[in-house]
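In UniProt numbering, the protein residues as written are 1 to 575.
Structural data, given as structure tokens:
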């Protein structure tokens with residue numbers, strides 16, 4: 001083996017990883033090479049299934065069975081008694097259970113997982129989990145490890161760290177769980193930090209805070225960082241170097257500026273184009289009817305809608321939705337944006353009456369022009385309303401029954417409402433599949449045989465089965481890669497134009513809302529704080545909270561890093 005240069009902490013050379021399946025061998029990673037340098041960030045980007053996470057897990061020898069490293073080297077520079085020939089050790093040559101490998105995990109290389117809820121124990125306090133990590137990589141007694149844990153929680157900016165250490169995972173918000181994961185990853189003072197999609201499940205302002213925190217801790221400690229993401233905006237904000245993966249291979253690698261402004265590979269250019277596309281309004285769509293001088297009557301009018309959750313008497317209550325009012329017009333896309341916990345999803349559920357409102361009214365104008373108050377409908381009358389107002393769910397994996405064929409999934413609303421059976425049902429399902437860009441030949445297959453984007457198309461086809469007039473899309477694209485997200489949004493715009501649908505589009509992704517919506521309502525702590533044209537809200541917002549949301553959106557251009565100069569919102573003391 002040869003020595004690594006002084007600034008290189010880890011070098012991956014021609015790494016290949018295979019999964020030996022029952023019927024064939026899957027080449028998940030093929031001949032991948034890159035270097036991690038002290039104090040610098042390498043972003044590994046690519047869509048789901050490109051091999052990013054498998055590559056990262058191989059650096060810690062935690063690739064899931066039946067995967068295994070079949071060739072290549074992972075050279076780690078000498079440090080803290082973990083030695084190999086000529087001052088480097090080849091991680092690929094170690095067994096996962098080797099003592100040397102266990103010494104590397106956490107002590108030399110720290111890992112932040114994608115989903116903190118599934119990575120943290122629900123039955124142990126946050127503090128006890130971090131104390132365990134501290135003691136594993138040091139000779140500290142329990143008391144000293146506790147002090148070190150509180151200090152780590154303070155470093156990751158968790159308020160009242162001495163008290164918060166004694167709380168459980170479910171008592172932390174999504175952003176605070178991720179901060180706790182970062183504290184655990186730093187417990188062993190690692191030289192390398194691997195962050196696997198660390199902000200995917202977070203809203204835009206929390207994402208900005210977490211990225212800020214990771215970057216600052218990296219600079220303070222001089223760590224090398226491998227950041228795995230499919231978000232090209234995040235890459236532009238934090239990366240020094242970029243490696244683009246596709247089908248298990250690195251198709252392009254270089255400094256972040258060269259990748260963004262002189263990309264050579266067609267796939268890299270496609271990823272960038274899909275990202276940049278979402279920073280503008282879609283062109284050539286129908287004008288926003290709500291903004292025209294002679295606007296028609298709204299199809300849906302929400303007035304002073306509220307939902308209060310109370311515990312143990314009236315003194316301890318939560319206003320999930322507080323005095324919300326807006327109109328939705330025929331053929332309009334209305335966006336509802338805000339951070340997690342702002343009341344967006346609850347507002348959608350109130351409109352559907354899957355959650356009962358505490359106050360206010362919801363007026364729906366039927367096809368015949370008559371108006372009904374949705375809050376006063378009986379259960380039987382609600383079934384008719386639910387034919388015309390449908391929901392597209394956030395998670396295409398969880399929202400489809402794995403035991404039902406695609407034909408049964410899409411046709412289910414038709415069967416339940418007694419509208420079609422036999423040949424007529426099959427013809428309608430085939431028509432709906434063609435409408436959303438799927439081959440009807442696949443209607444007898446099960447959801448697991450489809451990709452994430454295809455599953456979301458199945459969900460959209462199911463929502464369209466009853467010829468609705470309004471579709472409420474709750475984070476309908478947040479689980480999808482950027483290029484798939486762009487395709488689904490274009491599909492929804494095309495369907496809207498063909499069927500004259502109206503959309504209520506709930507999202508925390510400002511770029512998606514800007515691209516897709518005519519008007520935007522911004523929610524904060526249950527209130528709609530700003531409502532206006534999408535272009536105006538996204539370029540010249542008036543409210544301080546909206547400014548903080550917009551400025552936290554990563555800008556896909558490394559020469560103009562928006563998050564460095566973002567506007568931070570401080571809530572008034574009386575709220």
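Ideal placement from N, C-alpha and C gives every residue a C-beta, glycine not left out.
Source: prediction; values computed, not measured.
To the nearest angstrom, how far is the alpha carbon of residue i from that of residue j?
{"i": "residue 543", "j": "residue 205", "result": "15 angstroms"}
{"i": "residue 190", "j": "residue 109", "result": "5 angstroms"}
{"i": "residue 431", "j": "residue 390", "result": "18 angstroms"}
{"i": "residue 363", "j": "residue 425", "result": "32 angstroms"}
{"i": "residue 453", "j": "residue 557", "result": "26 angstroms"}
{"i": "residue 288", "j": "residue 332", "result": "Per-residue confidence for residue 288 stands at a pLDDT of 49, beneath the threshold of 50, marking its modelled position as unreliable; no derived number is given."}
{"i": "residue 512", "j": "residue 87", "result": "49 angstroms"}
{"i": "residue 120", "j": "residue 440", "result": "42 angstroms"}
{"i": "residue 420", "j": "residue 414", "result": "6 angstroms"}
{"i": "residue 482", "j": "residue 133", "result": "35 angstroms"}
{"i": "residue 211", "j": "residue 356", "result": "38 angstroms"}
{"i": "residue 300", "j": "residue 469", "result": "10 angstroms"}
{"i": "residue 37", "j": "residue 500", "result": "54 angstroms"}
{"i": "residue 321", "j": "residue 297", "result": "25 angstroms"}
{"i": "residue 587", "j": "residue 100", "result": "Beyond the ends of the chain as shown, which are 1 and 575, falls residue 587; an answer cannot be given."}
{"i": "residue 171", "j": "residue 179", "result": "13 angstroms"}
{"i": "residue 383", "j": "residue 197", "result": "40 angstroms"}
{"i": "residue 554", "j": "residue 456", "result": "25 angstroms"}
{"i": "residue 260", "j": "residue 231", "result": "13 angstroms"}
{"i": "residue 444", "j": "residue 247", "result": "28 angstroms"}
{"i": "residue 290", "j": "residue 535", "result": "Interpretation of residue 290 is limited by its pLDDT of 46, a score under 50 that renders its predicted location unreliable; the figure taken from the coordinates is listed afterwards. Near 14 angstroms, if we compare the C-alpha coordinates of residue 535 and residue 290."}
{"i": "residue 66", "j": "residue 22", "result": "10 angstroms"}
{"i": "residue 228", "j": "residue 19", "result": "21 angstroms"}
{"i": "residue 306", "j": "residue 182", "result": "37 angstroms"}
{"i": "residue 143", "j": "residue 222", "result": "28 angstroms"}
{"i": "residue 166", "j": "residue 173", "result": "15 angstroms"}
{"i": "residue 522", "j": "residue 337", "result": "5 angstroms"}
{"i": "residue 17", "j": "residue 69", "result": "4 angstroms"}
{"i": "residue 216", "j": "residue 224", "result": "12 angstroms"}
{"i": "residue 399", "j": "residue 460", "result": "11 angstroms"}
{"i": "residue 583", "j": "residue 47", "result": "There is simply no residue 583 to check, as the chain begins at 1 and stops at 575 in what is shown."}
{"i": "residue 27", "j": "residue 104", "result": "26 angstroms"}
Since residue i sits in a beta bridge, which residues does DSSP pair it with?
{"i": "residue 301", "result": "327, 363"}
{"i": "residue 20", "result": "25"}
{"i": "residue 474", "result": "506"}
{"i": "residue 333", "result": "503"}
{"i": "residue 111", "result": "194"}
{"i": "residue 167", "result": "Per DSSP, none; premise fails for residue 167."}
{"i": "residue 318", "result": "309"}
{"i": "residue 125", "result": "168"}
{"i": "residue 10", "result": "36, 76"}
{"i": "residue 372", "result": "364"}
{"i": "residue 15", "result": "32"}
Going along the chain, which residues of its own chain have a beta-carbon closer than 7 angstroms to the beta-carbon of residue i, five neighbours each way excluded?
{"i": "residue 243", "result": "34, 42, 44, 250, 253"}
{"i": "residue 162", "result": "150"}
{"i": "residue 372", "result": "364, 366"}
{"i": "residue 286", "result": "Model confidence at residue 286 stands at a pLDDT of 49, short of 50, so the residue's coordinates are unreliable and nothing is read from them."}
{"i": "residue 402", "result": "446, 447, 448"}
{"i": "residue 129", "result": "120, 121, 184"}
{"i": "residue 176", "result": "158"}
{"i": "residue 471", "result": "390, 392, 463, 501, 503"}
{"i": "residue 437", "result": "457, 491"}
{"i": "residue 576", "result": "Residue 576 cannot be examined here, being either before or after the span of the chain that is shown, 1 to 575."}
Looking only at its chain, what residues have a beta carbon closer than 6 angstroms to the beta carbon of residue i, apart from the 5 residues adjacent to it on each side?
{"i": "residue 81", "result": "Annotation note: pLDDT 41 at residue 81 (below 50); position unreliable, coordinate value reported separately. Hits under 6 angstroms: none found."}
{"i": "residue 335", "result": "505, 513, 517, 520"}
{"i": "residue 194", "result": "56, 111, 226"}
{"i": "residue 267", "result": "246, 251"}
{"i": "residue 7", "result": "37, 38"}
Who are the Cβ neighbours of residue i in its own chain at under 8 angstroms, not counting the five residues just before and after it?
{"i": "residue 256", "result": "43, 235, 236, 239, 240, 241, 242, 558"}
{"i": "residue 78", "result": "84, 87, 88, 89"}
{"i": "residue 394", "result": "474, 475, 476, 478, 479"}
{"i": "residue 145", "result": "131, 134, 135, 138"}
Compute the minimum distance between the beta carbon of residue i and the heavy atoms of the ligand SAH, and state whether it is under 7 angstroms.
{"i": "residue 342", "result": "Judged by which ligands are present, the structure shown has none, so any question about the ligand SAH falls away."}
Sequence ranges, alpha helix (DSSP H) only - wholly within the segment 31-108, length at least 4: 52-58, 99-104
Alpha helix (DSSP H) segments (min. 4 residues) lying fully within the segment 206-282: 232-238, 256-261, 266-277
Cβ contact (3+ pairs, closer than 8 angstroms) linking the segment 483-501 and the segment 523-531: no
Touching by the beta-carbon criterion (3+ pairs, under 8 angstroms), the segment 501-511 and the segment 320-339: yes
Stretch-stretch touch, CB-based, cutoff 8 angstroms, three pairs: the segment 93-102 with the segment 56-63: yes
Runs of alpha helix (DSSP H) wholly within the segment 382-463 (minimum 4 residues, chain order): 406-416, 422-435
Three or more C-beta pairs below 8 angstroms linking the segment 260-275 and the segment 465-485: yes
Segments of 3+ residues assigned as beta strand (DSSP E) that fall wholly inside the segment 485-572: 502-507, 519-524, 527-533
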